[in-house]
Structures are given as structure tokens and as C-alpha cells.
Amino acid sequence: MNPVKKSSLATLLAIVGLLAVFACETDSLDDAYRRIYLAKYAVDFPTSEEELHRCESNRVKTCLDLVAKATDGKRRLLAVEPNKALDRTLKTIVSSCPLEDSDQQELCLGAIVALYFFTEPELDARILRELMKAERTVLHKVFSPSMFGWYYNRPQPKGWIDAVSKLPPDDFPHDGKASVINAFGASKPAGLGDGARLLK
Amino acid sequence: MENFIILIGGPGTFKSCDPGHDKIWLNYFYPIQIAAEKDLYHKRAENVHWVVYEPAYSVRWLDDSEITFWEGAQEALSGKALHKVRKKAADNVISKGASSYVERIKNLARGYGITYKGINKPQEFWDYLASFPSKSISRVWYSGHATPGGLILQLTHNSECEASWTDQSTVLTLDIPKQTAIKDRFIADPNRPSKFYGCATADFASSWHVTFAVPSEGAKSSITFAGIFGAPDAVITRLETTPTPRGAPDWTKYP
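First to last, the protein sequences are chains U and R. The working numbering puts the first sequence at residues 1177 to 1376. The working numbering puts the second sequence at residues 136 to 390.
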């Protein structure tokens, strides 16, 4: 094979390889969001440490299977370099949340729950920056009236309180602006939010 | 006259991949119906209102009243009772002169002298409570699915067939404190607590008690509607006491 053809083939293989890696990572993260979604929206997911303990001590299969799946979702997410994982998570939120299709909603809500796992100050600052630019249909999901666990574990909650306070009330469903602001200022969820904190 | 409001959540659509949830359409309505029949409400001079989340029952009727060829074949091949039991339930409703689950519930309400109110959105539950005059609601009960986040009026399933819930069909616990404007509708009577029959309703009951200053009760853990058909006289106490695989319901009173 002549050197030009050889080098073209190598380039082509490298591109194919990169695309395959990207596709695998994307699929893996989509699966991660679908699994992390369970921590908030699966009916049989334990909602407190006490309930998790009940599931474990009584070996409740449905409950333990859900915890295992959601934990696997967390593991998949954390296996990706944090900046890349956050980039993908924010893109998923912005692209899936405006779509009413149930599959897209699952991705959207799973990605929002996944924000719980990005607590480094610079990543948190990026989340804040990107979400403040998002359209209202996205914010209506992000500021869901049933709340998310990540509101309570922000490294710099004051930045969130200040930014969220400046948003118009219409950006929050169910007149929920005050509740969301209060959540960012609270130290822990009062039994509400989601089960992301239970994932080891 | 005082008003006793009972919010009745609905079943989800039955999925053979999730036989553990809502095999029977009646699960959340039956305890309330049988309590009316057996006088288990222990009501005084109260008008009883059944507030029914109609979308759940309408969708379920469409699903149950006609079993598809595929569903029939699936049942025959698996040897499991997955679908015929639903068709039988729908046929039973027709044999009693109703053309849908919603109509059957309406007919029963009429028979018991109960006011029927159909709702299509969780917000309509709050609107209904707000429509009563001051000091006229003696208590509120709920029967259906629930999580600490709220009363799930209709179960759904995600892409992997796991039983799930959505904000859109849930009366959210966090919405209770926003209802202070209707606090004056309630009568605080220690002998007539508001009761929320669903899994993990304790947070909801606690918030209800704090916001409306009325005694309230709910479960800290799971409750089960299985077995309710075998003990009609004790249907309500069974919900409060029967253990599930997770343990006792841990029925809790506030205060």
C-alpha cells in the first residue's frame, strides 16, 4: 500500500474510532440519566435512609434492584471526566426538557437529578451560568415544584439565591419561586427532593 | 352541614411487564366504597364527597374493556393471569349498568347519597376545597398511590417498565404550605382526623397538620391494598396496620 493511502486509512480508522468512543460515551450517559431518574421518580425507590435500611434488612427485591440500577447510573456518570460529563448533562437538559415525548422527559429529568453529583465550585458556577441562560420551558423542569436534591448541596448557595431571585416568577411552575429560593438556602431536604443522596 | 372530602387516586395502566402494580382497577376505590357501605366513615352530620381523578379511570377503562389479540396470546403462552381478569372486571361493570369505571363510581356515589366530583388536574382538588365556605370541611381522606413528595393520582411507567410518577398528576406535599388562604375552611376536631391512605404519606400528613391546624394521619413507610377484598369490615384498619415486605406501615398521627 502506498504511504498516502496508508496514512488516509489510518486517519479514517482514527476518526471511526473517535466516533465510536463518542457514541459509546453518549449512550452510556443517556443510560446513566435514565437510571439516575429512578432515584426521584420510581415509585418503589426508597425515599430516606430509614426506608433504604428497611429495604436492605428485609431484602425487598424491587426496591434493592432500583437502588442497584440508580447506583450503576451514578457510577457511569462518574466514570466520565467531570467537565465532559457536565457538558453532556447540561446539553441533555437543554435539548430534552422542552420536548414532551416521555422518553425525552425521562432523559431530561434524569439529567437534572444528576446535577447532584457536580459539586466542585467551578462546575457549580458553570451549571448556574448555563441554566440562567436556558429558556422558560427548561427552567420549568429545572425548578420543578417537587424539588430536586441538588438544590441542597450547592457549594456556593448564595450565588444561586441571588441569581434565582432575579428570575421572573413565570420561570417557576406552581408559583414556586419562593420555595426554590428557600431550598437553595436550606442545609438539608426535609424528606423531600429525591433519592440521589442515598446512592453510595 | 359539614363536608367530609375523600380524594380518590386512580390506577395506572396495567403493564404485564410490571404485574406488581394495579392489576385490579378497584384497588384505591374499593376501600372507600366499602367504608361507605359498612358505615366505616363513622360520620356524623357530614356530607361525603368523592373527588375522583378521572383521567386515571378513563384510560384504564379503555385498556381493560378490550383485551387485544397480543394480550390474549401473551396470557395463553405465559400461563399467568394477566389480562382476562381486567376484561372480567370491565364486563362486571357493564353488567351493573355502567358504561365505564367513571360512570360506575358516579352511580355508586348516587346510591350512597355521596356527592361526586370529577377532577382532571391535581390543582382542581385545591380549587374544590377552596369552593367551600369557612368552617365547613370536617376532614379530608385520600386513597391511592403516594410518595413523600405527594399523592400520586395516576401511576405511569418509564421506558424500562418501572412504576413511576410525574409532577403533573401528583398533589404535591410542597404545595400544601401555599394553601394558607383556605385554612379557614377546616374544622379542627380531634375525633375526626384527616387520613391519607397511601405509601409514605407521613410527610404529607405532617404538612397538612401544620398548615391547616387539623389532626392528620399518614404512613411513614409503605402500606398495602392487597388483601382488602377479604376483610370488608376491617378494610380501613387493615390499611393502617398490615405489614408489607418493608415492614409495618408505621401509621403516624399529627399530633
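Beta carbons are placed, not taken as given, at the ideal position from N, Cα and C, and that holds for glycine. Keep in mind it's a predicted model, so treat the numbers as computed, not measured.
Thinking C-alpha only, which one of the options is nearest residue i?
i	options	result
Arg320 (chain R)	R:Asn293, R:Lys173, R:Tyr247 and R:Tyr263	R:Tyr263
Val194 (chain R)	R:Leu243, R:Gln289 and R:Gln209	R:Gln289
Asp226 (chain R)	R:Phe260, R:His184, R:Trp160 and R:Gly246	R:Trp160
Ser1322 (chain U)	U:Glu1306, U:Leu1285 and U:Arg1305	U:Leu1285
Asp1338 (chain U)	U:Gly1325, U:Pro1349, U:Ala1354 and U:Phe1324	U:Ala1354
His1229 (chain U)	R:Thr359, R:Tyr192, R:Pro380 and R:Pro328	R:Pro380
Gln283 (chain R)	U:Glu1298, U:Ser1224, U:Ser1204 and U:Lys1267	Reading off the sequence, residue 283 (chain R) comes out as Pro, not Gln. Ranking the options by Cα distance to Pro283 (chain R), first place goes to U:Ser1224.
Ile311 (chain R)	R:Lys330, R:Gly333 and R:Asp338	R:Asp338
Pro1331 (chain U)	U:Tyr1292, U:Leu1307, U:His1316 and U:Ile1357	U:Tyr1292
Lys1237 (chain U)	R:Gly155, R:Lys222 and R:Glu189	R:Gly155
Ala1296 (chain U)	U:Val1270, U:Pro1333, U:Phe1319 and U:Ser1271	Reading off the sequence shown, one finds Glu at residue 1296 (chain U), where the question assumed Ala. Nearest of U:Val1270, U:Pro1333, U:Phe1319 and U:Ser1271 to Glu1296 (chain U), Cα basis: U:Pro1333.
Ser1272 (chain U)	U:Thr1313, U:Leu1240, U:Val1356 and U:Asp1248	U:Thr1313
Ala1301 (chain U)	U:Val1289, U:Leu1266 and U:Leu1315	U:Leu1266
Thr359 (chain R)	R:Ile272, R:Thr377 and R:Pro325	R:Thr377
Ser1363 (chain U)	U:Tyr1328, U:Leu1242 and U:Phe1348	U:Tyr1328
Tyr1217 (chain U)	U:Glu1226, U:Ala1287 and U:Ser1204	U:Ala1287
Asp1207 (chain U)	U:Glu1226, U:Lys1245 and U:Cys1239	U:Lys1245
Met1308 (chain U)	U:Arg1373, U:Asp1347 and U:Asp1263	U:Asp1347
In this structure, how does DSSP classify residue i when only helix, strand and coil are distinguished?
i	result
Thr359 (chain R)	coil
Asn138 (chain R)	strand
His177 (chain R)	coil
Leu286 (chain R)	strand
Leu307 (chain R)	strand
Trp386 (chain R)	strand
Ser351 (chain R)	strand
Thr148 (chain R)	coil
Thr377 (chain R)	coil
Pro1333 (chain U)	helix
Cys1239 (chain U)	helix
Asp1370 (chain U)	coil
Thr1268 (chain U)	helix
Ala1255 (chain U)	coil
Gly88 (chain R)	Because chain R is modelled from 136 through 390, residue 88 (chain R) falls outside the range shown and cannot be assessed.
Thr203 (chain R)	coil
Met1379 (chain U)	As shown, chain U starts at 1177 and ends at 1376. That puts residue 1379 (chain U) outside it, with no answer to give.
Asn326 (chain R)	coil
Phe164 (chain R)	coil
Gly365 (chain R)	helix
Cys1284 (chain U)	helix
Ile159 (chain R)	coil
Ser1363 (chain U)	coil
Lys313 (chain R)	helix
Ser1224 (chain U)	coil
Pro1297 (chain U)	helix
Ser342 (chain R)	helix
Ser234 (chain R)	coil
Glu172 (chain R)	helix
Cys1273 (chain U)	coil
Write down the C-beta distance between residue i and residue j rounded to the nearest angstrom, noting that I regard them as a contact closer than 8 angstroms.
i	j	result
Ala340 (chain R)	Glu352 (chain R)	6 angstroms
Phe357 (chain R)	Ala335 (chain R)	Residue identity differs from the one stated: residue 357 (chain R) is Ser in this sequence, not Phe. Right, the Cβ-Cβ distance comes to about 7 angstroms (below 8 angstroms), so this counts as a contact.
Phe1221 (chain U)	Gly1325 (chain U)	Not a contact, Cβ separation roughly 12 angstroms.
Lys222 (chain R)	Ile254 (chain R)	27 angstroms between Cβ atoms; not a contact.
Ile143 (chain R)	Tyr176 (chain R)	That belief does not hold up - the Cβ atoms of Ile143 (chain R) and Tyr176 (chain R) are roughly 14 angstroms apart, past 8 angstroms.
Ile249 (chain R)	Ala171 (chain R)	6 angstroms
Thr346 (chain R)	Thr315 (chain R)	6 angstroms
Ser278 (chain R)	Tyr163 (chain R)	5 angstroms
Val1356 (chain U)	Phe1319 (chain U)	5 angstroms
Leu286 (chain R)	Phe331 (chain R)	7 angstroms
Asp385 (chain R)	Ala354 (chain R)	6 angstroms
List the DSSP bridge partners of residue i.
i	result
Phe321 (chain R)	R:Ile272
Trp185 (chain R)	R:Ile141 and R:Tyr251
Tyr332 (chain R)	R:Ser278
Ser299 (chain R)	U:Ala1218 and R:Thr291
Within the present structure, is the beta-carbon of residue i separated from the nearest heavy atom of the ligand MN by less than 6 angstroms?
i	result
Phe1348 (chain U)	Only the bare structure without any ligand can be found here, which leaves the ligand MN out of the picture.
Original post:
Does the region 288-303 of chain R touch the region 138-158 of chain R, meaning 3 or more C-beta pairs lie closer than 8 angstroms?
Top reply: yes
**OP:** Count the C-beta pairs between the region 1342-1349 of chain U and the region 236-254 of chain R that are closer than 8 angstroms, then say yes if the count reaches three, no if not.
**Re:** They do not touch, by the three-pair rule.
Original post:
Using 8 angstroms as the Cβ pair cut-off and three pairs as the minimum, do the region 180-197 of chain R and the region 137-145 of chain R touch?
Top reply: yes
Original post:
Is the region 1252-1260 of chain U touching the region 1271-1284 of chain U in the sense that three or more CB pairs, one from each, lie closer than 8 angstroms?
Top reply: no
Original post:
Counting pairs of beta carbons, one from the region 1247-1254 of chain U and one from the region 1206-1213 of chain U, are three or more of them closer than 8 angstroms?
Top reply: yes
Original post:
If contact means a Cβ-Cβ distance below 8 angstroms, which residues of the region 1296-1321 of chain U contact chain C?
Top reply: Any reference to chain C falls outside this structure, whose protein chains are U and R.
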